[in-house]
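**Q** Under our numbering, the first residue of the sequence shown is numbered 1, with each subsequent residue one higher. Let me give you the structure first, and then I'll get to my questions.
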Amino acid sequence: MGEVKLHGFWASPFSHRVIWALKLKGVEYEYMEEDLSNKSQLLLQYNPAHKKIPVLVHRNKPVAESLVILEYIEETWPENPLLPLDACDRAMARFWINFGEQKNNRRGTRENREEVAQILKTIEEKALGDNNFFGGNTLGLVDLSFGWLPHWFEVTEQVQARSYWIRLLCRVLHAWAQNFKQVPVIRDNLPDPQKLSAHLKRLRGNLLKN
Numbered sequence: 001m002g003e004v005k006l007h008g009f010w011a012s013p014f015s016h017r018v019i020w021a022l023k024l025k026g027v028e029y030e031y032m033e034e035d036l037s038n039k040s041q042l043l044l045q046y047n048p049a050h051k052k053i054p055v056l057v058h059r060n061k062p063v064a065e066s067l068v069i070l071e072y073i074e075e076t077w078p079e080n081p082l083l084p085l086d087a088c089d090r091a092m093a094r095f096w097i098n099f100g101e102q103k104n105n106r107r108g109t110r111e112n113r114e115e116v117a118q119i120l121k122t123i124e125e126k127a128l129g130d131n132n133f134f135g136g137n138t139l140g141l142v143d144l145s146f147g148w149l150p151h152w153f154e155v156t157e158q159v160q161a162r163s164y165w166i167r168l169l170c171r172v173l174h175a176w177a178q179n180f181k182q183v184p185v186i187r188d189n190l191p192d193p194q195k196l197s198a199h200l201k202r203l204r205g206n207l208l209k210n
């Protein structure tokens, strides 16, 4: 223990992406919880560009940004691969990971329900199809990258007093979400929904004050 450390935040889906990948790979690590209102000097040192979590430290060398970290984990610990072996399939997996990240960032700045619905339908029809997971029957990096949907999006909808409409509009995607949450590594490493709801309510309240 000590060779691998992860600086994260309990409520962050980006931190959980990394946790899931490390556990799926069987990599032992030390978790360092960060107070985002009073970030540690180590975090500021390890990620001076963005000063954000998560940061993976491997043999005293930091790697920042969750998707970059996922790629690093895949390359450093090739056992139990999380990307397809075929080069074309790997490229398509990376495409959908980047697509989801770009659209998720836009969702964070624009509250357009119809636009979000169209994005989710595209992901469902073009990326997921009839598969149990984005890579077929096996959990992979694409699933981890969309891991914010099954838990965080649902809790966010509850905080905003909305119905969780994915189950009606995107039934295949909703089925994937339920399958995803039942994978032991995922199920055992999700933030408590009540605690997460309280945290998101505080954030929402602070935003409404400004």
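Cβ atoms here follow ideal geometry from the backbone N, Cα and C, with glycine treated the same way.
Would the stretch 125-142 count as touching the stretch 177-184 if we require 3 or more Cβ pairs under 8 Å?
**A** Segments in contact, yes.
**Q** Pull up the DSSP beta-bridge partners for Met32, would you.
**A** In the sequence shown, the residue the question calls residue 32 occupies position 32. Its beta-bridge partners are His7.
**Q** I'd like the ranges of any alpha helix (DSSP H) spanning at least 4 consecutive residues and lying wholly in the stretch 101-167.
**A** Complete alpha helix (DSSP H) runs here, min 4: 113-122, 141-145, 154-159.
**Q** Check the Cβ-Cβ distances between Trp152 and every residue of chain D, and say whether any is below 7 Å.
**A** This model lacks chain D altogether, as it is built from one protein chain only.
**Q** So if DSSP puts His218 in a beta bridge, which residue, or which two residues, is it bridged to?
**A** Outside the shown range of the chain (1 to 210) lies residue 218, about which nothing can therefore be said.
**Q** Can you tell which of Leu43, Glu79, Glu71 has its C-alpha closest to the C-alpha of Arg90?
**A** By one-based count along the sequence shown, residue 90 stands at place 90. Nearest C-alpha to Arg90: Glu71.
**Q** Alpha carbons only, please: which of Trp152, Asn206, Val55 is nearest the one belonging to Leu196?
**A** To locate residue 196, count along the sequence shown from 1; it is residue 196. Selected option, being the one with the closest Cα: Trp152.
**Q** Do you know offhand how far Val68's Cα is from Arg204's?
**A** As a first step, residue 68 is located in the sequence shown; it is residue number 68 there, counting from the start. As a first step, residue 204 is located in the sequence shown; it is residue number 204 there, counting from the start. Roughly 29 Å between the two C-alpha positions.
**Q** What is the residue span of the alpha helix (DSSP H) that Lys181 lies within?
**A** Reading the sequence shown from its first residue, position 181 is the one you call residue 181. Its alpha helix (DSSP H) spans residues 171-182.
**Q** Once the 5 residues before and after Val63 are set aside, which same chain residues still bring their CB inside 8 Å of it?
**A** Locating residue 63 in the sequence shown gives position 63, where the first residue counts as 1. The answer, listed in chain order, is Val55, Leu56, Val57, Ile69, Tyr72.
**Q** If distances are taken between C-alpha atoms only, which option among Gln41, Glu65, Gln45 comes closest to Ser12?
**A** By 1-based counting over the sequence shown, the position of residue 12 is 12. Among Gln41, Glu65, Gln45, the Cα nearest to that of Ser12 is on Glu65.
**Q** In terms of residues, what are the limits of the alpha helix (DSSP H) holding His50?
**A** Along the sequence shown, read from residue 1 onward, the residue named residue 50 stands at position 50. No alpha helix (DSSP H) holds His50; DSSP gives it neither H nor E.
**Q** How big is the Cα-Cα spacing for Met32 and Asn132?
**A** For this step, residue 32 is matched to residue 32 along the sequence shown. For this step, residue 132 is matched to residue 132 along the sequence shown. Each residue's Cα considered, the two are about 33 Å apart.
**Q** Could you check whether the Cβ of Ala87 sits closer than 6 Å to any heavy atom belonging to the ligand HEM?
**A** With respect to the ligand HEM, the structure offers nothing, as it holds no ligand at all.
**Q** For Ala117 versus Leu169, is the C-beta spacing smaller than 7 Å?
**A** Position 117 of the sequence shown, counted from the first residue, corresponds to residue 117. Position 169 of the sequence shown, counted from the first residue, corresponds to residue 169. Cβ distance < 7 Å, so Ala117 and Leu169 count as in contact.
**Q** Given a cut-off of 7 Å, decide if Leu44 and Lys52 are closer than it, judged by their beta-carbon atoms.
**A** Here residue 52 refers to the residue found at position 52 when the sequence shown is read from its first residue. Here residue 44 refers to the residue found at position 44 when the sequence shown is read from its first residue. Not in contact: Lys52 and Leu44 (Cβ atoms no closer than 7 Å).
**Q** Which word fits Asn47, buried or exposed, when buried means at least 16 other C-beta atoms lie within 10 angstroms of its C-beta?
**A** By 1-based counting over the sequence shown, the position of residue 47 is 47. Buried, since its Cβ has 16 or more Cβ neighbours within 10 Å.
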